[in-house]
Amino acid sequence: MNEAKLDFLKELANIGTGHATTALSQMLSGKLFQLVVPEARLIPFNEAANYVGGLEQVIVGIFIVISGDVGGHMAFLLPYDSAMVLVRLLTGDESGEMNELALSALQELGNIMITSYLNALAKMTQLLMAPSIPGIAVDMAGAVWESVLAGAQVVNEVTVIRTEFFADGKAIEGNIIFLPDQADFEKIARILGLGEM
Amino acid sequence: MVELFVNMGQICSLKTEGILTTVGLGSCVGVALYDSAAKVGVMGHIFLPKSRDNDPDALPGKYADTGIPAMIDEAVRLGAQRSRLQAKLAGGANLFPNLNVNSVSIGEQNVTAVKDHLSKHRIPISGMDVEGSHGRKMRFFVQNGVVTVTAIGKEPIEI
Chain A
1 MNEAKLDFLK ELANIGTGHA TTALSQMLSG KLFQLVVPEA RLIPFNEAAN YVGGLEQVIV
61 GIFIVISGDV GGHMAFLLPY DSAMVLVRLL TGDESGEMNE LALSALQELG NIMITSYLNA
121 LAKMTQLLMA PSIPGIAVDM AGAVWESVLA GAQVVNEVTV IRTEFFADGK AIEGNIIFLP
181 DQADFEKIAR ILGLGEM
Chain B
198 MVELFVNMGQ ICSLKTEGIL TTVGLGSCVG VALYDSAAKV GVMGHIFLPK SRDNDPDALP
258 GKYADTGIPA MIDEAVRLGA QRSRLQAKLA GGANLFPNLN VNSVSIGEQN VTAVKDHLSK
318 HRIPISGMDV EGSHGRKMRF FVQNGVVTVT AIGKEPIEI
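As you go down the protein sequences, you meet chains A and B in turn. Under our numbering, the first residue of the first sequence carries the number 1, and numbering increases by one thereafter. Under our numbering, the first residue of the second sequence carries the number 198, and numbering increases by one thereafter.
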């Protein structure tokens, strides 16, 4: 991974997070989302499992298949507590239960987050990228993570864009996982003049 | 008592006593190999069914085709007899069922591959809690071969 590629991921993180924040603010009818500069990292496969909290901690994962000029997968992972803050803000439901309404709100939120990054990337590269309907899982972090990695057939390293924002005075953590098919990552790199991946 | 945590792709073993644990099995399959006479236990955490060219430095335990033989070798190294080995499996779930409508899920492919390789080595399966759409925690008690499986919000079950 050279500097140019990391810079590209940072730029993608900034632009994508910008888009996502705007979209989320609209979804939350103007409730302010203050954004911390997102961090883009490349994580070796062996460390990936331990990245989002403890393996047994419950997290929410939204997973999307990408097709078009670029094939691959994208996921949005967030800790359970962060997810429940967002559910309360999105639905007004104060019960703290992960019910059907909560799941569907989170699915839509994940969809918006992911398509924001996808649109940013599509604009940067002029490539067509179409997202599938989102899948959602609420389960042990380890189980969600490995299912995302296995679903995308990732065996070497994984790009994680970590964002933090605030809503209602509470810190919310979100992780966007970017998993393009290897050949298509090279296509992106070529278009952006980043050299060999 | 010692408890070893087996991460994706790893193979861990214990003799006489202790616990081998994998936390957060999703589409991966946790495999417990046991020789009750020698009290030798080996646990693997299989990620995908088949090893591949673009991952030459992978741990053998990452893939079913390389993982099962490596687990057997490890058991034998610790004094187990091949003919006494039995296996228990957990995991192989599909956490995102609406994304796999037209194909066999990775979890199911992993379960099939693990079963095939065990059968190739004539190792019987004595317990199993696989597939479905939820994650699992698997604990393997080496002093007696008991394996428990826990899903979120559920009591552990013994397989």
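A virtual CB, placed ideally from N, CA and C, is assigned to each residue, including glycine. Because the structure is a prediction, the values reported are computed rather than measured.
Taking the DSSP output, what are the residues bridged to residue i?
i, result
"B:Q283", "B:Y231"
"A:R162", "A:E39 and A:N175"
"B:F337", "B:L217 and B:V344"
"A:H73", "A:V65 and A:L179"
"B:K212", "B:V237"
"B:D326", "B:A287"
"B:K351", "Answer is none; B:K351 lacks a bridge partner."
"B:I356", "Looking at the DSSP assignment, B:I356 forms no beta bridge with any residue, so it has no partner."
"B:A277", "According to DSSP, B:A277 bridges with nothing at all."
"B:L245", "B:Y260"
"B:E200", "B:I216"
"A:I59", "A:P79 and A:D139"
What in chain A is Cβ-close to residue i, meaning under 8 Å?
i, result
"B:I243", "Correct list: empty, because the minimum Cβ distance to chain A is about 10 Å."
"B:A255", "V155"
"B:R249", "V155"
Is residue i buried or exposed, if buried means 16 or more other CB atoms sit within 10 Å of its CB?
i, result
"B:T213", "exposed"
"B:L250", "In the sequence on display, residue 250 of chain B carries Asp and not Leu. Counting Cβ neighbours within 10 Å, B:D250 comes out exposed, since fewer than 16 surround it."
"A:N111", "buried"
"B:K312", "buried"
"B:Q278", "exposed"
"A:P180", "buried"
"B:I216", "buried"
"A:S116", "buried"
"B:K351", "exposed"
"A:S95", "exposed"
"B:N341", "exposed"
"B:K285", "buried"
"A:D7", "exposed"
"A:T17", "buried"
"A:Q126", "exposed"
"A:D139", "buried"
"A:I62", "buried"
"A:L99", "Correcting the residue identity first, residue 99 of chain A is Asn in this sequence and not Leu. So A:N99 ends up on the exposed side."
"B:R274", "exposed"
"B:V301", "exposed"
"A:R190", "exposed"
"A:V160", "buried"
"A:A102", "buried"
"A:I133", "exposed"
"B:Q306", "buried"
"A:G54", "exposed"
I'd like the span of the alpha helix (DSSP H) that includes residue i, first residue to last.
i, result
"B:P396", "Residue coverage of chain B in this structure runs from 198 to 356, which leaves residue 396 of chain B outside it and unanswerable."
"A:A23", "E3 to M27"
"B:D252", "Premise fails: B:D252 is in no alpha helix (DSSP H) and is neither H nor E."
"A:I133", "Taken as a continuous stretch (DSSP letters only), A:I133 belongs to no alpha helix (DSSP H), as it is neither H nor E."
"A:G110", "E100 to T125"
"A:I88", "Checking the displayed sequence, the identity of residue 88 of chain A turns out to be Arg instead of Ile. Y80 to T91 is the extent of the alpha helix (DSSP H) around A:R88."
"A:G235", "Because chain A in this structure spans residues 1 to 197, residue 235 of chain A falls outside the shown range and cannot be described."
"B:D313", "I303 to K317"
"A:A48", "F45 to A48"
Please list the terminal residues of the continuous beta strand (DSSP E) segment that includes residue i.
i, result
"B:G206", "Premise fails: B:G206 is in no beta strand (DSSP E) and is neither H nor E."
"A:I191", "Unbroken run through A:I191 is the alpha helix (DSSP H), Q182 to I191; no beta strand (DSSP E)."
"A:V155", "First-last for A:V155: undefined, no H or E at that position."
Quick one: which chain A residues come within Cβ less than 7 Å of residue i?
i, result
"B:L292", "A137, D139, A143, V144 and S147"
"B:H331", "D139"
Using the beta-carbon of each residue, which ones in chain B are nearer than 8 Å to residue i?
i, result
"A:V58", "I349"
"A:V65", "L296"
Using 8 Å for Cβ pairs, my map puts residue i next to residue j. What's the rounded Cβ distance?
i, j, result
"B:T219", "B:V199", "About 15 Å separates the two Cβ atoms, so there is no contact after all."
"B:G332", "B:L292", "7 Å"
"B:I208", "B:E271", "6 Å"
"B:M335", "B:A261", "So it is not a contact: roughly 16 Å between Cβ atoms."
"A:I59", "A:P79", "6 Å"
"B:S224", "A:A137", "11 Å between Cβ atoms; not a contact."
Which chain B residues sit within Cβ distance under 7 Å of residue i?
i, result
"A:N156", "D252"
"A:I112", "Going along chain B, no residue has its Cβ under 7 Å from A:I112, so there is no contact; the nearest lies around 18 Å."
Run through chain A and tell me which residues come within less than 9 Å of residue i, C-beta to C-beta.
i, result
"B:I303", "S147, A150, G151 and Q153"
"B:K236", "Within 9 Å Cβ-Cβ: nothing; B:K236 doesn't reach chain A, min ~27 Å."
"B:C362", "Since the first residue of chain B shown is 198 and the last is 356, residue 362 of chain B is not available in this structure."
Residues of chain B with a CB under 9 Å from the CB of residue i: which are they?
i, result
"A:L55", "F202, N204, T219, V220, G221 and K334"
"A:I133", "N295 and L296"
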